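Down below is the structure, laid out as structure tokens.
Residue numbers (my numbering): 3 to 278.
See the structure below:
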């Protein structure tokens, strides 16, 4: 058994971007467009060495829950397998448990594999506080959305997925990631590039009249401003339209983290007030 993309180069598992999104790419973003359709390629200056690092002790301390969370990722198409072979690079899995919330998550530490040392330098710039403040207006309403499992929105080109292998703690089966792992050198660049396209899409559809605008996306947090003359009801309706538009594109949104229109809102850890 082998694993291949479909004949037209599209990856099969996981969430697929809608063709609606592709209409909003610029000619200069052709490489990014290709990356969305078949998965982003890694840019190497040398071939990564073969690598296999055992999982972090925390993964075995909560082995059953770690296995369960990894299986959730596999069902979602984020992990591919079980494979009939060991991937070229098997990175470390660690586990994080927050008792007061009974929240458990695995962390796939892409930095531990050494692949970054073979990758070409990458740079990225997110939308910071100074970027959105210049677009605020007195008395405007502000709203926000949060992507669910942010890294799961950045697919990788399938032949390069062998550099993102993992080993399950209980079954000892090998899988490989189809989406960005935490810690890879070029993951921030993918996120920042996609944020630029998502803003353009939302502003050309939901906010086409110019009375509201998605002004910032920081990793997985979106920030939108609505003119005060719209009123809170219309601003709320547009917030719902944003969520629908994102999901239509194949972008997962964490609805319970949605911030509905208000004149006071948090963005990247800072409280913003728009009162005149």
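Don't be surprised by glycine CBs; every beta carbon is placed ideally from N, CA and C.
Values in this document were obtained by computation on a predicted structure and should not be read as measured data.
- Under the DSSP assignment, residue 178 falls in the beta strand (DSSP E) whose first and last residues are 176-179.
- Straight across, the Cα-Cα distance linking residue 92 with residue 197 is about 29 Å.
- By the CB criterion at 8 Å, residue 142 and residue 45 fall outside the cutoff.
- Counting C-beta pairs with one atom in each stretch, the segment 165-182 and the segment 262-277 have fewer than three that are closer than 8 Å, which means they do not touch.
- Between the segment 178-198 and the segment 161-168 there are three or more C-beta pairs closer than 8 Å, enough to call the two in contact.
- With contacts defined by Cβ atoms closer than 8 Å, residue 108 and residue 71 form a contacting pair.
- If you look at residue 267, you'll find it in the beta strand (DSSP E) that goes 266-269.
- Going by DSSP, residue 219 is part of the beta strand (DSSP E) stretching over 214-220.
- Annotation for residue 169: no alpha helix (DSSP H) segment contains it, though the beta strand (DSSP E) segment containing it runs 167-169.
- Annotated as distal: residue 210 and residue 240, with beta-carbon spacing of 8 Å or more.
- Nearest in C-alpha terms to residue 263, of all of 33, 52 and 243, is 243.
- Counting of Cβ neighbours within 10 angstroms places residue 157 among the buried residues, the total reaching 16 or more.
- For residue 114, same chain residues with a beta-carbon under 8 Å away, outside a window of 5 residues either side, are 55, 93, 94 and 185 in chain order.
- Taking the CA atoms as reference points, residue 30 sits about 30 Å from residue 269.
- By the Cβ test, the segment 225-238 is not in contact with the segment 80-87, since fewer than three Cβ pairs between them sit closer than 8 Å.
- Annotated three-state conformation of residue 90 is coil, per DSSP.
- Listed in chain order, the beta strand (DSSP E) runs fully inside the segment 21-86 amount to none, counting runs of at least 3 residues.
- Between residue 148 and residue 267, the C-beta gap is not smaller than 8 Å, which leaves the two residues out of contact.
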